[in-house]
Structures are given as structure tokens and as C-alpha cells.
Amino acid sequence: MGIVFEEKQRVFKLDAGDTTYMIGLAGEEGFAGHLYFGKRLNDCMTDDLLRVTEPPFAPDTNNRDRISFMDALPFEYASHGVGDFRDSSIRVRTVGGTTAVSPVYHSHKIYAGKPGIDGMPAVFGKEEECMTLELMLKDEALKLKVVLYYTVFEKLPVIVRHAKICNESENTLWLTKAMSACLDMDNRDYEMITLHGAWARERHIQRQKIGYGSQGVESLRGETGHQEQPFLAVCAPEATQRSGEVYGFHLIYSGNFKVRAQINQFDLLRVNIGINDEDFTWQLKQGESFDTPEAVLVYSDQGIGGMSRAFHDLYRNHLIRSPYVFEKRPVLINNWEATYFDFNTEKLLQIAEKAAESGIEMLVMDDGWFGHREDDNSSLGDWYVNEEKIKGGLKNLVDKVNALGLKFGIWFEPEMISPDSELYREHPDWAIAIPGRTPSMARGQYVLDLTRKEVRDYIFERMEEILSGANIEYVKWDMNRPLSDIAGAKLPPGQMGEFYHRYVLGVYEMQERLVSRFPKLLLENCSGGGARFDPGMLYYSPQIWCSDDTDAIERLSIQEGTAMIYPLSCMGAHVSVCPNHTVGRNTPFFTRGITALAGTFGYELDITKLPKEEVEAIPGQVELYHRFAELIVRGDYYRLVSTTEGKGCDCYMVVDKEKENALLSYVQVQGRPNCHSRNVRMQGLKEDVLYTVKGIGADYEKTLRGDALMYAGVQIPELWGDYQGMLLEIHARR
Ligand code: DGJ
Numbered sequence: 005m006g007i008v009f010e011e012k013q014r015v016f017k018l019d020a021g022d023t024t025y026m027i028g029l030a031g032e033e034g035f036a037g038h039l040y041f042g043k044r045l046n047d048c049m050t051d052d053l054l055r056v057t058e059p060p061f062a063p064d065t066n067n068r069d070r071i072s073f074m075d076a077l078p079f080e081y082a083s084h085g086v087g088d089f090r091d092s093s094i095r096v097r098t099v100g101g102t103t104a105v106s107p108v109y110h111s112h113k114i115y116a117g118k119p120g121i122d123g124m125p126a127v128f129g130k131e132e133e134c135m136t137l138e139l140m141l142k143d144e145a146l147k148l149k150v151v152l153y154y155t156v157f158e159k160l161p162v163i164v165r166h167a168k169i170c171n172e173s174e175n176t177l178w179l180t181k182a183m184s185a186c187l188d189m190d191n192r193d194y195e196m197i198t199l200h201g202a203w204a205r206e207r208h209i210q211r212q213k214i215g216y217g218s219q220g221v222e223s224l225r226g227e228t229g230h231q232e233q234p235f236l237a238v239c240a241p242e243a244t245q246r247s248g249e250v251y252g253f254h255l256i257y258s259g260n261f262k263v264r265a266q267i268n269q270f271d272l273l274r275v276n277i278g279i280n281d282e283d284f285t286w287q288l289k290q291g292e293s294f295d296t297p298e299a300v301l302v303y304s305d306q307g308i309g310g311m312s313r314a315f316h317d318l319y320r321n322h323l324i325r326s327p328y329v330f331e332k333r334p335v336l337i338n339n340w341e342a343t344y345f346d347f348n349t350e351k352l353l354q355i356a357e358k359a360a361e362s363g364i365e366m367l368v369m370d371d372g373w374f375g376h377r378e379d380d381n382s383s384l385g386d387w388y389v390n391e392e393k394i395k396g397g398l399k400n401l402v403d404k405v406n407a408l409g410l411k412f413g414i415w416f417e418p419e420m421i422s423p424d425s426e427l428y429r430e431h432p433d434w435a436i437a438i439p440g441r442t443p444s445m446a447r448g449q450y451v452l453d454l455t456r457k458e459v460r461d462y463i464f465e466r467m468e469e470i471l472s473g474a475n476i477e478y479v480k481w482d483m484n485r486p487l488s489d490i491a492g493a494k495l496p497p498g499q500m501g502e503f504y505h506r507y508v509l510g511v512y513e514m515q516e517r518l519v520s521r522f523p524k525l526l527l528e529n530c531s532g533g534g535a536r537f538d539p540g541m542l543y544y545s546p547q548i549w550c551s552d553d554t555d556a557i558e559r560l561s562i563q564e565g566t567a568m569i570y571p572l573s574c575m576g577a578h579v580s581v582c583p584n585h586t587v588g589r590n591t592p593f594f595t596r597g598i599t600a601l602a603g604t605f606g607y608e609l610d611i612t613k614l615p616k617e618e619v620e621a622i623p624g625q626v627e628l629y630h631r632f633a634e635l636i637v638r639g640d641y642y643r644l645v646s647t648t649e650g651k652g653c654d655c656y657m658v659v660d661k662e663k664e665n666a667l668l669s670y671v672q673v674q675g676r677p678n679c680h681s682r683n684v685r686m687q688g689l690k691e692d693v694l695y696t697v698k699g700i701g702a703d704y705e706k707t708l709r710g711d712a713l714m715y716a717g718v719q720i721p722e723l724w725g726d727y728q729g730m731l732l733e734i735h736a737r738r
């Protein structure tokens, strides 16, 4: 690890893990140009790579061909309106109505450690773990300072970036675009990977060629959304899970985002990542500054798998703050798919009693315990226990559940308000709405204006009272609709463009308050399934509900896409009943169990109505979870066969850091006629170590060296029928 500035060459060299990132100062003005991001280099490159002496790219002293230069220089943070016609990183509106901005090098600082960002999630690291470069740029015409932050970690091929933009002029300025990071490089026939989805079909992998022009992903929903992930990977066409160059970009943010890849006339590829500039404006008065969210840039020359493991290690060690990050989570049973809104104390206790007998460790009471909520048409905002359903009160229920040996968890949807609620009758103006326009509802509800402190305070106080009134050890924070009809009753007209970001800051403030007030609380974020699966949320909660689709086969693609960038330890995954409530599919109970094992394991069913043989199988599944939890929480993830490859199976491995113990999970999506065993090559083991390999769910036993397991592979026996699965438990022989 290290950051140096070579004064003679005017080059910054940042070494991170086995990666090097280089920035060069170009031309007399000192444009911050991007020189290199890739495999570790010994020396600094000269500015050849910036092509500053090569017409038409050379900055011309008489300004004759300045535009060609601006349009071709690989920028670290792209200017706007002065000749670079590619996607800009920043745009600033002045009192005079102009929008151009072109910051150039002013000074820099290099230091050990990493600063946080006020009010926003951010990667953290100790002084001995990471170093930061602050590259200060200035636009003298605007009197605008742009500080680019770059942090590198000793052991990770990762650069964490964000920008702080400060108005040093006497006039007010308005940011109309402020991206977190920009990366320019030569296009090498690159392809891009994004994670696309819908409700119950989140984060499906999409890979396509990057063509000329712009392409990318974005959200305008006020949250991340089911549809796209704030992630884009640029990869060499030949890149696979195991080899090839991959650049991963991910934004630590939970609101409107934009990640765009663009190839221009000179075959230069630019990736810009940050807050979506649509409907975004931020007023900066004299002396005020704005911090963008952080972007994580990963380089891997070990394929997509190398990128995944870098993201996993960064997030587990330097983003998730929860004390649960490396802990085994309690095996929970959630009553949503068991009862939906139709439950009471008695029903919950019946579930808890049966769950306790099977080794389940926590009961989670989902939606419907408050106000007069019998369906999704009422009561959001009325966070008072419905004592007609929860007879004897919440404490009585929690005490009884605890007496059965189970922990207790509860569901909230803090950001919402139902038109049929006491809260709405009292404060109709707390719902987001544009005066004179009927706001669009979704699931019969409106969104609370969390940009207002009094609204946040009220909801937080209600949550605090519920949580301190009984021994509640887990909260599921749900959010079941996107934002629309944007107007802030307390925001001046000139600042309406700040609403979306202020909303996200409001959510962050509330979650920060929650985890500070209840530091032992296990928080799980959720949004109509997985619409808020983003790195921003990981800063507050160590786990996030992956999807409302609990069908084991649908989950294979959802979890594969999610695991491409997120550690398994944060993926909420549960076993549910068949036929599955979302797709009507029947799958074996064993396969449902091993699929949920890939995440934070639990059940989402009415155990009192489950077939006897399935109830009897639960203790065995719980035992498997305990046996493999440590591996899943801490291990390295390797994708062996993708569900999307059309090979009819799904297979991944988790290997501990010592490479001594591993777990291989295999699900045969469809049985195949005339097929025999299937060869699967393992990854991540030591070549010369002898391992025992034992099947769970199918007969298999072998002792082989790591090289044989990885290069020749193992034959997974033919499994009879669709949706069958098995596990292989792998241990180094002592
Ligand atoms: C959406 C969540 O994803 C579900 O698990 C459940 O909590 C419902 N909301 C409750 O309304």
C-alpha cells in the first residue's frame, strides 16, 4: 500500500493490494488526467499515456485546438461546457445562468487513514490499513474548489473515491451535477455487466457489449429500486469467473443514482458514477460545501470472481459496522408468508412453540401488529400495538416468546403513511405531495417527508417507545413504495432539487439514531423484497432482505447476481412452503434448505401447518446452518457454474481464508435425460493439500489433492428429478 507523488513526472501513484492507480497532471494548467488503473506497477508512468504531446490532443498554447484536447484527455473528474463533449462529472449553474466548470490541480495532501463523510455511509479503515490522497482542484473563474478523495487499502485491489465541492465565491452557486467518480480509459472491446430486475426478480445478471454512445443504469425512484443496482462492471470480452480483466464500480448510496459507460469518437471509454443529476440541484452559498456519496472501484485480473471477492472483503471489513458482521445470525422464523395480516398472540405463540422444538432461535412478527391494520390499506404511521390482535400487549408476547427460548424481532415501515391512519388525519401535510396535484399512491400508501426533522423525530420516538417496551432484538425496516410527486413543504422553491438527496440523508439519520440508541439491535433492511439492497444500507444493517421471491429456483439467479458484489453474510434468505406463494413451484425441502444456506438462514412459513416430514427435517437444516455459518460469514466465494449459463445447474463454493475447509453447493435445476454425472472444477483450494470430500444429500466420498479437485474436478452424481440438490463438505486432511 502506498501513495506517492513523483514531483518531476507530476504523477501520483496509488498502490492498492496488487493494483496500481495513477494520476498525471497534464499541461501547464495541470489538468488531473487519468494515467492507469490495473495490475501493480513498479514505477510511475510518464504522461505519454495522457497523449499531451500528440496532436490533436496536445493543449495548444494559442488555444487553437483546445477543444480536441479537452475532448480526448482522460480526466479524473470530467469538466463541463469547455470542450469535453463526453458525459461530465460536474455542472455548476451560476447567478448569471452559465453552467461550465473546469477544475484544475491546485494542491494535494497524502495521509494515513481515511476520513468519514458527515451524515452519509462511508468506508472506514485504521491508519495502518489505508491511505488517502486529497487532490484539490480549483476553477478560478467560478472560485470553486473540488477536492477528490482517493483511499487505498493495503490488502485490497480497491480505490474508494468521492468528491467534496466547496463554493469559495461570494455568489451563490447551484450544483446541477456532482458525480462521485469518473474513470477514463482506452476501449478494448469491453463488455459491461449490470444487475437488472423487477419485484421478485431482483439482480439478474446482464452482460452486453459496450457500444459507441452512452449506456448504463440509473434510478429515479428515490431509492435504489428493484430494477437496477448502482453497479456496473467493465470487463474484457474474454473475462470469465476465473480469469480476465474486470473493473467494478459500485456506489455507496441508497437514492437516485446513475452509472454510465460511454465510448466516444476516439474510442475512449468513460465511466461516471454518482447521484443521478435528473431532478438534482444543490444550492451552495458562499463557504458551503457538498459531499458526494462514495464510489468503490475494483480492479481484478482474476475475472469476475476476483472482483466479487474484493467487494466482499471491503464490505465485510470496512463498511458494515454492525457487531453482527462476522457473527452467526439467529435462525429466524418470520410470520409473513405464514399468516400475512391474519395473526394474533395465540397464533404467534403456536408458531414460536413449534419453532423452538425444531431449534429455530428467533420469531419475527411482520407487518400487521399496529393501528388497525388488517390488510395493506391502513395504519402506516400509527406505531401503536393493536391490542385486539396482540392480546395482553407486546411485552407479554415477547416475554412468552423469550420463555420458549426464542429471541423476538419486529417489522416497521417507518417512512410511510396510510391515508387511513391517525397520523394522516392529524398531519396530512407530512405526506409528500405537490400542492394542487393528487399524489400517486402505491400499495395504498404515501411517503412521509423525511426531509423534515419534526417528521423524523416523531417516527423515531414511536419506534423507540416500542423497542424499549419489550426485549426486542431484531428490526426489519421495510419500505414498500418508491417516491413520486416530489415537493418539500419546507423547502424553498429554489431548493426543490435537493429533495431526493435530503430524503436519503433523512433515512440515514434515522437509521444512525436507531443503531446508536440500540447498539445490540440486529437490523435488517428491506424494501418490498430487495429494492434497497445497496452498500449504503450495509453501513447500518449487516443484512438485507434479498427478495420477496422465496422460491428456491428463482432464488438461485437472484442470489447469484447479489453475491457477485455482496458478501453472502448479508443476503436475507429463507425457506418457505410449496407450492411457492410467488411462482407456484414445488421444490424439495432439502433444496429449499441448501438454497437459503447461502445467506442469513431462516424460515418464512407456518410451521404448525407444515407436513410432518418437513417439520422433522428442520433440526437437520438448522444443524447444517450452524455447521457452515462461520464459513459462509467469513469465507471466500467462488462461483463455479452460473444458473444463467444454460447448463441447467447452479454451483458455488465458499472456502475459508486458510483454504482448509470449504462447502460446495449444487442445485440441478432440471433433470436431464441420458445424462450421467456432471464434472465441476473447484476453486480456491491449495494444490498440494489432501482434502476429504463428503456428500450431504447424496452419496459421495473421496480423498483427493487440491490440484485434482481444481483442475480435473469432481463428478457430481446424477440426481433424480428436477430441482434436486446436494452439498459437498470439504476438509483438509490432517
Ligand atoms: C415486503 C417485504 O419484503 C415482505 O417480506 C413483508 O415484510 C411485506 N413487505 C409486509 O408488508
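First residue of the sequence shown: 5, per our numbering; consecutive thereafter.
In this text, a Cβ means the ideal position worked out from N, Cα and C, and glycines have one as well.
It should be emphasised that the depicted structure is a prediction, and the values quoted were computed from it without experimental measurement.
Query, Result
"Near the ligand DGJ: GLY448 beta-carbon under 7 Å from a heavy atom", "no"
"N-terminal and C-terminal residue of the alpha helix (DSSP H) that THR595 is part of", "593-600"
"Touching by the beta-carbon criterion (3+ pairs, under 8 Å), the segment 259-268 and the segment 208-220", "yes"
"Distance CB(GLY534)-CB(ARG207) smaller than 8 Å", "yes"
"Delimiting residues of the alpha helix (DSSP H) encompassing GLY309", "307-322"
"Beta-ladder partner(s) of GLU378, from DSSP", "GLU378 is not bridged to any residue."
"Terminal residues of the beta strand (DSSP E) in which VAL697 lies", "694-700"
"From MET49, GLU664, ALA474, residue whose alpha carbon lies closest to that of ARG709", "GLU664"
"Alpha carbon of ARG521 to alpha carbon of GLU195, nearest angstrom", "45 Å"
"Status (buried if at least 16 other CB within 10 Å, exposed otherwise) for ASP538", "buried"
"Start-end ranges of the beta strand (DSSP E) lying completely within the segment 12-50, minimum 3 residues", "15-20, 23-30, 35-43"
"TYR257 in three-state terms, based on DSSP", "coil"
"Close-in-space but distant-in-sequence residues of the same chain around ASN590 (CB under 7 Å, 5 per side omitted)", "CYS582, PRO583"
"One or two residues paired with HIS112 in a DSSP bridge", "LEU139"
"heavy atom of the ligand DGJ below 7 Å from TRP415 C-beta", "yes"
"heavy atom of the ligand DGJ below 7 Å from GLY278 C-beta", "no"
"Cβ-heavy atom distance, ASP552 to the ligand DGJ, below 7 Å", "yes"
"Cβ-based neighbour list, GLY585, same chain, cut-off 8 Å, excluding 5 preceding and 5 following", "Here the sequence assigns His to residue 585, which means Gly is not the residue at that position. Within the same chain, HIS585 has close Cβ partners GLU341, THR554."
"Strand pairing of ASN171, partner residues [DSSP]", "LEU148"
"Own chain partners of GLY310 with C-beta closer than 6 Å, once the 5 adjacent residues on each side are dropped", "SER304"
"Alpha carbon of PHE181 to alpha carbon of SER93, nearest angstrom", "Going by the sequence as given, residue 181 is Lys instead of Phe. Cα to Cα, the separation comes out at about 7 Å."
"6 Å CB neighbourhood of TYR570 in its chain, flanking five on each side removed", "none"
"heavy atom of the ligand DGJ below 7 Å from GLY606 C-beta", "no"
"Delimiting residues of the alpha helix (DSSP H) encompassing ILE557", "556-567"
"Pairwise C-alpha distance: GLY540 and GLN212", "27 Å"
"ASN484 CB to nearest heavy atom of the ligand DGJ below 7 Å", "yes"
"Expected contact under 8 Å - CB spacing of LYS411 and PRO334 to nearest Å", "5 Å"
"Span separating the alpha-carbon of SER312 from that of ASN321", "14 Å"
"Complete alpha helix (DSSP H) runs within the segment 428-485 (minimum length 4 residues, chain order)", "457-472"
"Which of helix, strand or coil DSSP assigns to TYR328", "coil"
"Any non-hydrogen atom of the ligand DGJ within 7 Å of TRP340 CB", "yes"
"Beta-carbon proximity check, VAL96 vs LEU152, cutoff 8 Å", "no"
"Integer Cβ distance of ALA237 from GLU249, believed to fall under 8 Å", "Incorrect: roughly 10 Å between the Cβ atoms, too far for contact."
"Beta-carbon proximity check, PRO78 vs LEU301, cutoff 8 Å", "no"
"N- and C-terminal bounds of the beta strand (DSSP E) containing MET196", "195-200"
"Identity of the residue in ALA407, SER362, ASN381 nearest GLU618 by Cα", "SER362"
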